[in-house]
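Note that my numbering has the sequence shown beginning at 1, numbered continuously upward. Everything on this sheet refers to the single structure shown next.
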Amino acid sequence: MSGASSLGAGSNGHPVPRQEQRMPRMFWRILITATAAGGAFLLTSILNEDDGNIWQWVASIVIGSAALIVQFLIDFGERFEKVDTRFNEILAATTLFSQVDGSVLRSDEVTRLVLGYTKVREQGGDIVQAFAEKELGRLAKMMEGLGSGSADCPGENHEWLIDITDCVKMTLDATSTSVDREFWTSGPAERYLAAQEKAIKRRGVEIRRLFIVRDPDEVTSELRALCESHRRRGIDARIAVRSLMQSNPRVSDFIVFDGELCHETKPDQENNPDSTLLSTEPDHIEDHITQFTELWAEAERQQTAPRVTSET
Numbered sequence: 001m002s003g004a005s006s007l008g009a010g011s012n013g014h015p016v017p018r019q020e021q022r023m024p025r026m027f028w029r030i031l032i033t034a035t036a037a038g039g040a041f042l043l044t045s046i047l048n049e050d051d052g053n054i055w056q057w058v059a060s061i062v063i064g065s066a067a068l069i070v071q072f073l074i075d076f077g078e079r080f081e082k083v084d085t086r087f088n089e090i091l092a093a094t095t096l097f098s099q100v101d102g103s104v105l106r107s108d109e110v111t112r113l114v115l116g117y118t119k120v121r122e123q124g125g126d127i128v129q130a131f132a133e134k135e136l137g138r139l140a141k142m143m144e145g146l147g148s149g150s151a152d153c154p155g156e157n158h159e160w161l162i163d164i165t166d167c168v169k170m171t172l173d174a175t176s177t178s179v180d181r182e183f184w185t186s187g188p189a190e191r192y193l194a195a196q197e198k199a200i201k202r203r204g205v206e207i208r209r210l211f212i213v214r215d216p217d218e219v220t221s222e223l224r225a226l227c228e229s230h231r232r233r234g235i236d237a238r239i240a241v242r243s244l245m246q247s248n249p250r251v252s253d254f255i256v257f258d259g260e261l262c263h264e265t266k267p268d269q270e271n272n273p274d275s276t277l278l279s280t281e282p283d284h285i286e287d288h289i290t291q292f293t294e295l296w297a298e299a300e301r302q303q304t305a306p307r308v309t310s311e312t
């Protein structure tokens, strides 16, 4: 353990401080001062053998006093620098918490985060501290991203998806393409759907989901069953076929929460989920609201068309 290198065990089993800790600063100051005075005394003895020893004592006292004063000045400078640094840290912390109190964020949660991290730093082992720092860095990166308009992470982030659904208050408009089709048979999907059902029943959230396929033959019985399972939870779920669309709207896998936050799943070259993007930029969100409106209108038109009805 890290403490073994700095503390030894005494006869009663209690830790013994390091040798450096047993040497008070004053002892070192006296030692340095005595050494400087003794050196001055010897030097003046050699240089002034015939002038008596009065100048030897004067020189040694002056140089010893100067050495002591210099040590105190150095120590004072170090202490002043530490006080100045500490004061700046306190000022920065005070400013930070003032900003938190004045923001829409809950200051008690921020305080819990700081206190929890401090406790981990004081009591946690090396790997626990490393993990806590990594998690704190990930949270800080996300907060900085959201503050600047967007945040992203590699792969799919199911926790973001579920947490935002727990926070939505009015509307949730989502598209589902082949990029996330396998997601609906996973464990996180059930938690996601449960969060949506709770949002509908408890907060009256209106949820619309559009399953988008390329051709009519992709509207399988499994996809119809999936769509129906969403409807049973209160979600307005529909299917749209791209090849039957009159217009040619852009298609991507995204969710718009309350018209304020856009969650996107970016595909890789093999059409698998590659990264997740959160955006709060108004132009970006408005663009996806328009995209969803056009796709939803196409789904409604296809639903009423005899050719598509027989297939869906």
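No residue lacks a Cβ here, since even glycine has one placed at the ideal position from N, Cα and C.
(request) Please confirm whether I285 and C262 have their CB atoms less than 7 Å apart. (result) yes
(request) Identify which residue in D283, I162, H158 and R138 has its Cα closest to the Cα of G149. (result) D283
(request) Could you tell me how far apart the beta carbons of D321 and T165 are, in whole angstroms, since I believe they sit closer than 8 Å? (result) Here the chain covers residues 1 to 312 and nothing more, so residue 321 does not appear.
(request) Please confirm whether I207 and Q196 have their CB atoms less than 7 Å apart. (result) Closer than 7 Å, so yes.
(message) List, from N- to C-terminal side, the beta strand (DSSP E) runs of 3 residues or more that fit wholly inside the region 155-195.
(response) When DSSP assignments are scanned along the region 155-195, the uninterrupted stretches of beta strand (DSSP E) that are 3 or more residues long and fall wholly within it turn out to be 171-176.
(request) Output the distance between the C-alpha atoms of I200 and G234, rounded to the nearest integer angstrom. (result) Looking at the two C-alpha atoms, the distance is approximately 7 Å.
(request) Could you tell me whether the region 158-173 touches the region 184-196, using the rule of 3 or more Cβ pairs below 8 Å? (result) yes
(message) For the beta strand (DSSP E) containing T265, name the first residue and the last one.
(response) L261 to P267 is the span of the beta strand (DSSP E), which, as asked, contains T265.
(message) According to DSSP, simplified to helix, strand and coil, what is I255?
(response) DSSP places I255 in the strand class (E or B) of the three-state scheme.
(message) I'd like to know whether the C-beta atoms of T276 and D180 end up nearer to each other than 7 Å.
(response) no
(message) Which residues does DSSP list as the beta-bridge partners of V241?
(response) V213
(message) Across the region 224-234 and the region 135-146, are there enough close Cβ pairs to call them in contact, namely three or more that are closer than 8 Å?
(response) no
(request) Name the residue from Q123, L295, S243 and L210 whose alpha carbon lies nearest to the alpha carbon of D217. (result) S243
(message) Once the 5 residues before and after Q21 are set aside, which same chain residues still bring their CB inside 8 Å of it?
(response) Confidence at Q21 is low in this model, with a pLDDT of 46, below 50, so the placement of that residue should be treated as unreliable; the coordinate-derived value is given next. Here the set comprises nothing.
(message) If I follow the unbroken beta strand (DSSP E) through T276, where does it start and stop?
(response) It spans P273 to S279 - the beta strand (DSSP E) in which T276 sits, taken as one unbroken run.
(request) Could you tell me the boundaries of the alpha helix (DSSP H) in which R138 lies? (result) Per DSSP, R138 belongs to the alpha helix (DSSP H) from D126 to S148.
(message) Could you pull the DSSP bridge partners for I207 from this structure?
(response) L172
(message) Within a Cβ cutoff of 7 Å, which residues of the same chain sit near P154, ignoring the five residues on either side of it in sequence?
(response) S275
(request) Kindly indicate which residue of H230, A237, Q291 and D236 has the alpha-carbon position closest to the one of V256. (result) Q291
(message) Using 8 Å for Cβ pairs, my map puts V313 next to V241. What's the rounded Cβ distance?
(response) The question about residue 313 has no answer here: the residues shown for the chain are numbered 1 through 312.
(request) Using a threshold of 7 Å, state whether the C-beta atoms of M245 and E300 are closer than that. (result) no
(request) Look at the alpha carbon of R112 and the alpha carbon of Q123, and state the distance between them as a whole number of angstroms. (result) 16 Å
(request) Locate the alpha helix (DSSP H) running through T293, then write down its first and last residues. (result) Going by DSSP, T293 is part of the alpha helix (DSSP H) stretching over P282 to T304.
(message) Can you check which of these residues, N248, V120, H230 and E109, is closest to R209 by C-alpha distance?
(response) H230
(request) Leaving out five residues on either side along the sequence, give the residues of the same chain with a beta carbon under 7 Å from the beta carbon of P273. (result) G155, E156, V179, D180, T265 and P267
(request) Output the boundary residues of the alpha helix (DSSP H) element that contains S229. (result) S221 to R232
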